[in-house]
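Presented below is the structure to which this report refers.
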């Protein structure tokens, strides 16, 4: 089950309900976005040349968050778990694939955003 802020995308509801599956993008992109996030390409900076957001700094979500998380989750979690233990010497951080380092940094930002949001709700 994925829960995204105030949006409660619940897999138990969509398993047998074609309307939920279509609305939440379970089987392919939803017709309309059901969530919006900071652009993952320009980090929400609104770069006019950004191919993802065209300068808005926002990115529409039309695919099931749970499906997306499963596709990306393992590499991100692996990268995040290893991040603090990578020494900045040859054989360590300097020789990691770029995607590994980028995934680690991206995941840290997203985890911090979730923790900050939870802290603000207290």
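Residue numbers (the numbering used here): 592 to 713. Every residue gets a Cβ at the ideal spot worked out from N, C-alpha and C, and that includes glycine.
For residue 618, report the span of its beta strand (DSSP E) as first-last. Along the chain shown, one-based indexing puts residue 618 at 27. Per DSSP, residue 618 belongs to no beta strand (DSSP E) and is neither H nor E.
Assess contact between the segment 606-614 and the segment 631-641, defined as three or more Cβ pairs (one per stretch) separated by less than 8 Å. Is contact present? no
Out of 605, 709 and 698, which one is the CA nearest neighbour of residue 631? Stepping through the chain shown from its first residue, residue 631 is reached at position 40. Out of 605, 709 and 698, 698 has the C-alpha closest to the C-alpha of residue 631.
To the nearest angstrom, how far is it from the Cα of residue 625 to the Cα of residue 651? Taking the first residue of the chain shown as 1, we reach residue 625 at position 34. Taking the first residue of the chain shown as 1, we reach residue 651 at position 60. When rounded, the distance between both Cα atoms is 8 Å.
Simplified DSSP assignment, three categories, for residue 605: Counting from 1 along the chain shown, the entry for residue 605 is found at position 14. The answer is helix: DSSP assigns residue 605 an H, G or I state.
Taking the alpha-carbon positions, what's the residue 607 to residue 621 distance? Taking the first residue of the chain shown as position 1, residue 607 is located at position 16. Taking the first residue of the chain shown as position 1, residue 621 is located at position 30. Rounded to whole angstroms, residue 607 to residue 621 spans 17 Å at the Cα level.
According to DSSP, which residues form a beta bridge with residue 640? Against the chain shown, residue 640 aligns to sequence position 49. According to DSSP, which records beta bridges pairwise, residue 640 is partnered with nothing at all.
What is the DSSP secondary structure of residue 654, reduced to helix, strand or coil? In the chain shown, residue 654 corresponds to position 63, counting from 1. In the structure shown, residue 654 sits in coil (DSSP, three-state: anything other than H, G, I, E or B).
Under three-state DSSP, which class holds residue 710? Within the chain shown, the letter at position 119 stands for residue 710. It is helical.
Can you tell which of 637, 634, 646 and 658 has its C-alpha closest to the C-alpha of residue 605? On the chain shown, position 14 is the one that residue 605 refers to. For residue 605, the nearest C-alpha among the options comes from 658.
When the Cα atoms are used, what is the spatial distance from residue 617 to residue 623? Here the question's residue 617 lines up with position 26 in the chain shown. Here the question's residue 623 lines up with position 32 in the chain shown. Spanning the two alpha carbons is a distance of roughly 13 Å.
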